[in-house]
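Participant: The structure's right below; bear with me while I get my questions together.
Numbering (my numbering), first residue to last: 1214 to 1363.
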């Protein structure tokens, strides 16, 4: 999986999913609400899950995302972008560099994602009620990254 292929047609959102993580499950539902409010997107979205095929298929069946979910059981994209825990959402430029990132889950982040997405799409921001989401940022399970010894 090469990042240059994912952003070949322009910037893309990468949503990092730590399968089996309840915090991530809540975020996935809220992210779906944001995307649903705007309808089809001209911006590419990808889910990046740390699972093999059967668990990825189960996650896709449960959440029915509107984006392609990429398997990353070796955590190559997680390591490339230094994602420490799920949920995480990155907006990646055509050069593969991070333009904007949101780490964790809160109503504050969801409001910011909603505004940013509307701006990227060139649309008027839609009001979405995030009052039932956490008021402080929550982080899900961490990824266990291999640290290189120097």
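In this text, a Cβ means the ideal position worked out from N, Cα and C, and glycines have one as well.
1) Should residue 1301 be labelled buried (16 or more other beta-carbon atoms within 10 Å of its own) or exposed?
2) In terms of alpha-carbon separation, which member of 1274, 1291, 1308 and 1245 lies closest to residue 1222?
3) Per DSSP, what are the beta-bridge partners of residue 1316 in this structure?
4) Please confirm whether residue 1225 and residue 1305 have their CB atoms less than 8 Å apart.
5) Cα-Cα, which of 1354, 1316 and 1281 is closest to residue 1257?
6) Can you give me the Cβ contacts of residue 1333 inside the same chain, cut-off strictly under 8 Å, excluding the 5 residues immediately before and after it?
7) Hey, how far is the Cα of residue 1236 from the Cα of residue 1337?
8) Would you check if there are 3 or more beta carbon pairs closer than 8 Å linking the segment 1257-1272 to the segment 1335-1352?
Facilitator: On the basis of the supplied data:
1) For the purposes of this step, residue 1301 is identified with residue 88 of the chain shown, where counting begins at 1. Result: buried.
2) Locating residue 1222 in the chain shown gives position 9, counting from the first residue. Selection 1274, 1291, 1308 and 1245 evaluated against residue 1222 yields 1308 as nearest (Cα-Cα).
3) If you number the chain shown from 1, residue 1316 lands on position 103. As a beta-bridge residue in DSSP terms, residue 1316 pairs with 1301.
4) To locate residue 1225, count along the chain shown from 1; it is residue 12. To locate residue 1305, count along the chain shown from 1; it is residue 92. Yes; because the gap between Cβ atoms is below 8 Å, this pair is in contact.
5) The sequence position of residue 1257 within the chain shown is 44, counting from 1. The option with the nearest alpha carbon to residue 1257 is 1281.
6) Here residue 1333 corresponds to residue number 120 of the chain shown, with the count starting at 1. Take residue 1333, set aside five residues on each side of it, and the residues of its chain with a beta-carbon closer than 8 Å to its own are 1224, 1256 and 1304, in chain order.
7) As a position in the chain shown, residue 1236 is number 23, starting the count at 1. As a position in the chain shown, residue 1337 is number 124, starting the count at 1. Each residue's alpha carbon lies about 29 Å from the other.
8) Segment contact: the segment 1257-1272 against the segment 1335-1352, fewer than three CB-CB distances shorter than 8 Å; contact not assigned.
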